[in-house]
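Before any comments, here is the structure.
Number of protein chains: 2
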Amino acid sequence: MSTFVDIPVGSDFPLQNLPYGVFSTANKVNRRIGVAIGEKILDLSVVATFYPEYVQNALRADVLNELMELGYDAWNDVRRITKSLLTTGSDLHQNTELQKIALINQSDAQMHLPAKIGDYTDFYSSIHHATNVGVMFRGKENALMPNWKWLPVGYHGRASSVVVSGTPINRPLGQTQPVDGADPVFGPCRLFDFELEMAFFIGGPANKLGERVTTKEAAKRVFGFVLMNDWSARDVQKWEYVPLGPFTAKNVGTSISPWVVTVAALEPFAVPNFPQDPKPFPYLQHDEVFNFDINLIVDIKPEKGTQTTVSQSNYKYLYWTALQQIAHHSVTGCNLNPGDLLASGTISGETSDSYGSMLELSWKGTRTISLGGNETRKFLQDGDEVIIRGFCNGEYRIGFGECRGKVLPTIPFEN
Amino acid sequence: MSTFVDIPVGSDFPLQNLPYGVFSTANKVNRRIGVAIGEKILDLSVVATFYPEYVQNALRADVLNELMELGYDAWNDVRRITKSLLTTGSDLHQNTELQKIALINQSDAQMHLPAKIGDYTDFYSSIHHATNVGVMFRGKENALMPNWKWLPVGYHGRASSVVVSGTPINRPLGQTQPVDGADPVFGPCRLFDFELEMAFFIGGPANKLGERVTTKEAAKRVFGFVLMNDWSARDVQKWEYVPLGPFTAKNVGTSISPWVVTVAALEPFAVPNFPQDPKPFPYLQHDEVFNFDINLIVDIKPEKGTQTTVSQSNYKYLYWTALQQIAHHSVTGCNLNPGDLLASGTISGETSDSYGSMLELSWKGTRTISLGGNETRKFLQDGDEVIIRGFCNGEYRIGFGECRGKVLPTIPFEN
Numbered sequence: 001m002s003t004f005v006d007i008p009v010g011s012d013f014p015l016q017n018l019p020y021g022v023f024s025t026a027n028k029v030n031r032r033i034g035v036a037i038g039e040k041i042l043d044l045s046v047v048a049t050f051y052p053e054y055v056q057n058a059l060r061a062d063v064l065n066e067l068m069e070l071g072y073d074a075w076n077d078v079r080r081i082t083k084s085l086l087t088t089g090s091d092l093h094q095n096t097e098l099q100k101i102a103l104i105n106q107s108d109a110q111m112h113l114p115a116k117i118g119d120y121t122d123f124y125s126s127i128h129h130a131t132n133v134g135v136m137f138r139g140k141e142n143a144l145m146p147n148w149k150w151l152p153v154g155y156h157g158r159a160s161s162v163v164v165s166g167t168p169i170n171r172p173l174g175q176t177q178p179v180d181g182a183d184p185v186f187g188p189c190r191l192f193d194f195e196l197e198m199a200f201f202i203g204g205p206a207n208k209l210g211e212r213v214t215t216k217e218a219a220k221r222v223f224g225f226v227l228m229n230d231w232s233a234r235d236v237q238k239w240e241y242v243p244l245g246p247f248t249a250k251n252v253g254t255s256i257s258p259w260v261v262t263v264a265a266l267e268p269f270a271v272p273n274f275p276q277d278p279k280p281f282p283y284l285q286h287d288e289v290f291n292f293d294i295n296l297i298v299d300i301k302p303e304k305g306t307q308t309t310v311s312q313s314n315y316k317y318l319y320w321t322a323l324q325q326i327a328h329h330s331v332t333g334c335n336l337n338p339g340d341l342l343a344s345g346t347i348s349g350e351t352s353d354s355y356g357s358m359l360e361l362s363w364k365g366t367r368t369i370s371l372g373g374n375e376t377r378k379f380l381q382d383g384d385e386v387i388i389r390g391f392c393n394g395e396y397r398i399g400f401g402e403c404r405g406k407v408l409p410t411i412p413f414e415n
Numbered sequence: 001m002s003t004f005v006d007i008p009v010g011s012d013f014p015l016q017n018l019p020y021g022v023f024s025t026a027n028k029v030n031r032r033i034g035v036a037i038g039e040k041i042l043d044l045s046v047v048a049t050f051y052p053e054y055v056q057n058a059l060r061a062d063v064l065n066e067l068m069e070l071g072y073d074a075w076n077d078v079r080r081i082t083k084s085l086l087t088t089g090s091d092l093h094q095n096t097e098l099q100k101i102a103l104i105n106q107s108d109a110q111m112h113l114p115a116k117i118g119d120y121t122d123f124y125s126s127i128h129h130a131t132n133v134g135v136m137f138r139g140k141e142n143a144l145m146p147n148w149k150w151l152p153v154g155y156h157g158r159a160s161s162v163v164v165s166g167t168p169i170n171r172p173l174g175q176t177q178p179v180d181g182a183d184p185v186f187g188p189c190r191l192f193d194f195e196l197e198m199a200f201f202i203g204g205p206a207n208k209l210g211e212r213v214t215t216k217e218a219a220k221r222v223f224g225f226v227l228m229n230d231w232s233a234r235d236v237q238k239w240e241y242v243p244l245g246p247f248t249a250k251n252v253g254t255s256i257s258p259w260v261v262t263v264a265a266l267e268p269f270a271v272p273n274f275p276q277d278p279k280p281f282p283y284l285q286h287d288e289v290f291n292f293d294i295n296l297i298v299d300i301k302p303e304k305g306t307q308t309t310v311s312q313s314n315y316k317y318l319y320w321t322a323l324q325q326i327a328h329h330s331v332t333g334c335n336l337n338p339g340d341l342l343a344s345g346t347i348s349g350e351t352s353d354s355y356g357s358m359l360e361l362s363w364k365g366t367r368t369i370s371l372g373g374n375e376t377r378k379f380l381q382d383g384d385e386v387i388i389r390g391f392c393n394g395e396y397r398i399g400f401g402e403c404r405g406k407v408l409p410t411i412p413f414e415n
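Residue numbers (UniProt numbering), protein chains in the order written: chain A, 1 to 415; chain B, 1 to 415.
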């Protein structure tokens, strides 16, 4: 099976991918749902009538929530028909007039947040990241907290500050404590950082408050994945986070890539789940493989400088699976709604070139990261653009596109 | 000025109150906005044409978000006209046919969540509560964390699990560590607790991501207040909360009272702000009085027993004001949307009869709370109903109605 749409070599979006996004164009400013194919977008609002009636309204919506809610079988139906529409010889292939309105150049489109995010949760599921941070702040002996291997540690994040790739982020103001024990000071964050993460959108009908989602049920609640940069004001976080966790250090902004890559597209790149010892409680156990070999790359492009790769990591380094994250999130009865976003936490590999944050790459500011030329960094500077890419490589490539964001200076302030 | 609607002695809802809520009735199941008056509800969807055209759509909505967004001047316009409609001699008074459809018995109405809550934030702003918890877990010398008096400590909560008064809450399952240093166990929460809180809804047009809200601007961003019970699984929380804060211990459910009491109604009960030492940073300072004398009462009604008051506290005990909470929440640029809910944290007074949680009332389970008869408690038992009431008392009474919720047993489970 092949597509009539031109797929450039190395494209993130072959016929096997078919990720969903929400876009608009200068000519047609209303937001609509599309599927990326090569350098085009198939506008699902235009071809909705090719799909079963029960999904058509969802395909004509301006966010993906309704499609997410329809659930697993609907996702399979839609994927099958999209694939067939884009296949050589299809009705769409034979109708060049329809193609003109249904296939939009990605370069002409503006991408938007793919869903209305009801709640956003951030986990802390990379063992290398948690260990690194633990070693830095508590020493090698107490690197991992006692609960870490028993449950996927996570916290509620701020949904309103999740933005789509391309949105610039101003360096935040905040309170920091430059010297332990001294009074805090107020001013622009000095230790501004990215966090390399991935996140998935919850789909399927919501479980009611009080109802748990089992790991088995969880497999049908994962709609698809995006790349994420969870911007972090490290110095603000250090001062504010006891005892209730990160707060204003994190609601600065959280960037996600616009294309949601489905589990169906990722399945061929499944790899064994991370070995877990101790064995988790039964409510966290599952036999199903739900880990994926997704290469993750972080580049920094200084205002006047060349784009340089600072980290190469992989989704497969996560200790806890998405199914375990869902089961744990709902263990006390939390209702998970379609459009909720659950993030992995910073994904670091074992080696120092695979760390997922400047905090780790510069080892708390004790090492210098070279960006080529004379540019070096310990943390992010104004004008730096952070570009995260992700892709699975095999017989074909399943890519995520990019998650980018530029650090702008602090907005001028009086106090 | 007096109203033609009968106001029973001791009613929470005289003409000076006029709180907003969302309700439906058996005859008319669509949700609509109402204002409580005595034992009635004025259905704003029915009388919307009496109001200026620019607010009419907001009054015909099924949640308060649109009215919240319209902002301070619109709130004053709506309040003025509602007051005049309900005043003796008004058009509504003279139109008994209109009264029949516009004035509904509260006893015939079902109340719903007043707004679509985009994000929910929980602060930790009671100095007595923070001190009590600190003494219990860290000792007297280190009771308050170093940051506590410098900024209003808070964390992002779970918006989806906020429910309206009357919604029962199942005792949650979760991981706990019965003995320090031992392996955790899985099962029903044993230390289930209420938290006496108040919360306010954000109004006004949203500030953009990156834009701070000053304390001065914040005064026009507070739409109104509700009572809150932030149910807490203490033993789950203790095990899970390091280092990122409470997570599943809190998303069990958070109950709020259905009637939103506006700042305009509370202003006559303003009392001096809590004295603050050290003087906060300029971004947290304000001269405006924004503290209120609101009596808060917590009762527990066992399944087979009498309703007993276990705590009498007051909103005025809060160290940080709502204006400071808003200014701090947005200091790093967080966008606050109409309908966002910001809670106070547990409100405890100085004396042991004014503590706002079982954790404090039973002092970590070391004291017994008598509920009359033979009933005693350290934490909540299945079948216990927790009833929170709040009111200001002066020449008249501004009440909040009730926030109630009953603890149901754990849903049967296999693992």
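All C-beta atoms, glycine included, are put in the ideal place defined by N, C-alpha and C.
Could you tell me whether the Cβ atoms of C403/B and S165/B are closer together than 7 Å?
The count along the second sequence starts at 1 and reaches residue 403/B at position 403. The count along the second sequence starts at 1 and reaches residue 165/B at position 165. Cβ atoms of C403/B and S165/B: closer than 7 Å.
Could you name the residues of chain A that D119/B contacts, counting a contact when the two beta carbons are closer than 7 Å?
Within the second sequence, the letter at position 119 stands for residue 119/B. Within 7 Å Cβ-Cβ: R158, A159, S160.
Please name the residue in V5/A, Q16/A, R79/A whose C-alpha comes closest to that of F223/A.
The sequence position of residue 223/A within the first sequence is 223, counting from 1. If you compare the alpha carbons of V5/A, Q16/A, R79/A with that of F223/A, the shortest gap goes to R79/A.
Just reading off the beta strand (DSSP E) that T25/A is part of, what are its end residues?
In the first sequence, counting from the first residue as 1, residue 25/A sits at position 25. 20-25 is the extent of the beta strand (DSSP E) around T25/A.
Counting only beta-carbon separations shorter than 7 Å, does G276/A have a partner in chain B?
Numbered from 1 along the first sequence, position 276 holds the residue referred to as residue 276/A. In the sequence under discussion, the amino acid at residue 276/A is Gln, which differs from the Gly named in the question. No - not a single Cβ of chain B is within 7 Å of the one on Q276/A.
Would you tell me roughly how many angstroms separate the C-alpha atoms of P172/A and D287/B, rounded to the nearest one?
Locating residue 172/A in the first sequence gives position 172, counting from the first residue. Locating residue 287/B in the second sequence gives position 287, counting from the first residue. Going from the Cα of P172/A to the Cα of D287/B covers about 25 Å.
Since P178/A meets chain B, which of its residues come closer than 7 Å, beta carbon to beta carbon?
What you label residue 178/A is simply residue 178 of the first sequence in a count that begins at 1. Those within 7 Å of P178/A in chain B number zero; the least Cβ separation is about 13 Å.
Taking the straight line between their C-alpha atoms, what separation do you get for W49/B and Q56/B?
Walking along the second sequence from the start, residue 49/B turns up at place 49. Walking along the second sequence from the start, residue 56/B turns up at place 56. Contrary to the premise, residue 49/B reads as Thr rather than Trp in this sequence. Going from the Cα of T49/B to the Cα of Q56/B covers about 7 Å.
Counting C-beta neighbours from all protein chains within 10 Å, is the total for T176/B 16 or more, i.e. buried, or is it exposed?
Counting from 1 along the second sequence, the entry for residue 176/B is found at position 176. Its Cβ being crowded by 16 or more others within 10 Å, T176/B is buried.
Anyone know if the C-beta pair for N273/B and T321/B falls short of 7 Å?
By 1-based counting over the second sequence, the position of residue 273/B is 273. By 1-based counting over the second sequence, the position of residue 321/B is 321. The answer is yes: Cβ separation under 7 Å.
Skipping 5 residues on each side, what residues in its chain have a beta carbon closer than 6 Å to that of I37/B?
Start at 1 with the first residue of the second sequence, and residue 37/B comes out as number 37. For I37/B, where only same-chain residues beyond five positions count, the Cβ hits under 6 Å are V5, F13, L86.
Residue from R389/B, A61/B, I411/B with nearest C-alpha to N229/B:
Within the second sequence, numbered from 1, the residue matching residue 229/B stands at position 229. With distances taken between Cα atoms, N229/B lies closest to R389/B.
Would you please verify whether the beta carbon of Y155/A is less than 7 Å from any beta carbon of chain B?
As a working mapping, residue 155/A is identified with position 155 in the first sequence. With 7 Å as the cut-off, Y155/A counts as an interface residue toward chain B.
Whose C-beta lies closer than 7 Å to the C-beta of D382/B among residues of the same chain, with five residues either side of it excluded?
Residue numbering aside, residue 382/B sits at position 382 when the second sequence is read from its first letter. Cβ within range, chain order: R171, V407, L408, P409.
Grouping DSSP H, G and I as helix and E and B as strand, with all else coil, what is I104/B?
Against the second sequence, residue 104/B aligns to sequence position 104. Looking at I104/B - three-state DSSP - the assignment turns out to be strand.
So for H329/B, helix, strand or coil by DSSP?
Here residue 329/B is taken as the residue at index 329 of the second sequence, counted from 1. Assignment of H329/B by DSSP, reduced to helix, strand and coil, places it in the helix class.
Kindly list the residues whose CB is nearer than 7 Å to the CB of L209/A, restricted to its own chain and excluding five residues on each side of it in sequence; keep chain order.
Numbered from its first residue, the first sequence carries residue 209/A at position 209. Sequence-distant Cβ neighbours of L209/A in its own chain, meaning closer than 7 Å and more than five residues away, are G333, N335.
Neighbourhood of N207/A by C-beta distance below 7 Å, restricted to the same chain and skipping five residues each side
In the first sequence, counting from the first residue as 1, residue 207/A sits at position 207. Excluding residues within five positions, the ones whose Cβ falls inside 7 Å are V213, S330, N335, L336.
Return the bridge partner residues of C392/A from the DSSP annotation.
Residue numbering aside, residue 392/A sits at position 392 when the first sequence is read from its first letter. C392/A pairs with I398/A.
Buried/exposed call for G356/B, threshold 16 Cβ in 10 Å:
If you number the second sequence from 1, residue 356/B lands on position 356. With 16 or more other Cβ atoms within 10 Å, it is buried.
Straight-line gap, G401/B to P19/B (C-alpha atoms, nearest Å):
Working through the second sequence from its first residue, we reach residue 401/B at position 401. Working through the second sequence from its first residue, we reach residue 19/B at position 19. So the two alpha carbons sit approximately 10 Å from each other.
What does P188/B pair with, by DSSP beta-bridge criteria?
As a first step, residue 188/B is located in the second sequence; it is residue number 188 there, counting from the start. DSSP output for P188/B lists L173/B as bridge partner(s).
Hey, would you say V226/A sits closer than 7 Å to V260/A, going by beta carbons?
Translated into positions along the first sequence, residue 226/A becomes position 226. Translated into positions along the first sequence, residue 260/A becomes position 260. Yes, these two residues count as a Cβ contact at 7 Å.
Does the distance between the C-beta of P282/B and the nearest non-hydrogen atom of the ligand NAD fall short of 6 Å?
Ligands are entirely absent from the displayed structure, and the ligand NAD is therefore not among its contents.
Mind checking if G210/B is an interface residue toward chain A, Cβ cutoff 7 Å exclusive?
Translated into positions along the second sequence, residue 210/B becomes position 210. With 7 Å as the cut-off, G210/B counts as an interface residue toward chain A.
Can you pull the chain B neighbours of H328/A, defined as C-beta to C-beta under 8 Å?
Position 328 of the first sequence, counting from 1, holds the residue named residue 328/A. Those within 8 Å of H328/A in chain B are T248.
For G224/B, which beta-bridge partners are listed by DSSP?
On the second sequence, position 224 is the one that residue 224/B refers to. In the DSSP output, where bridge partners are listed per residue, G224/B has F201/B, T262/B.
Specify, as a first and last residue, the run of the alpha helix (DSSP H) that K301/A falls within.
As a first step, residue 301/A must be located in the first sequence, where it is residue number 301. Run containing K301/A: none in the alpha helix (DSSP H); it sits in the beta strand (DSSP E), 295-301.
Coarse secondary structure for F123/B, derived from DSSP in three states:
As a first step, residue 123/B must be located in the second sequence, where it is residue number 123. In the structure shown, F123/B sits in a strand (DSSP, three-state: E or B).
Start-end ranges of the alpha helix (DSSP H) lying completely within the segment 52-88 of chain B, minimum 4 residues
The segment 52-88 of chain B contains these whole alpha helix (DSSP H) runs: 53-59, 65-70, 72-85.
Quick check: the Cα distance between V66/B and G21/B, rounded to an integer number of angstroms?
The residue you call residue 66/B lines up with position 66 of the second sequence. The residue you call residue 21/B lines up with position 21 of the second sequence. Per the sequence shown, the amino acid found at residue 66/B is Glu instead of Val. Those two C-alpha atoms are separated by around 13 Å.
Identify the contact partners of N251/B in chain A, using a Cβ-Cβ distance below 7 Å as the criterion.
Translated into positions along the second sequence, residue 251/B becomes position 251. Those within 7 Å of N251/B in chain A are T332, C334.
Which of the residues in the segment 219-242 of chain A, read from start to end, lie with their CB under 9 Å from any CB of chain B?
A233, V236, W239, E240, Y241, V242
Cβ-Cβ separation, G373/B to T306/B (assumed contact under 8 Å), whole Å
In the second sequence, the residue the question calls residue 306/B occupies position 306. In the second sequence, the residue the question calls residue 373/B occupies position 373. With 8 Å as the limit, T306/B and G373/B qualify as a contact, their Cβ atoms being about 7 Å apart.
Measure from the alpha carbon of F200/B to the alpha carbon of each residue in S107/B, H129/B, F292/B, then state which is nearest.
Locating residue 200/B in the second sequence gives position 200, where the first residue counts as 1. Here the closest residue by C-alpha is F292/B.
Reduced DSSP category for N132/B - H, G, I as helix; E, B as strand; rest coil
Here residue 132/B corresponds to residue number 132 of the second sequence, with the count starting at 1. Here N132/B sits in helix by DSSP.
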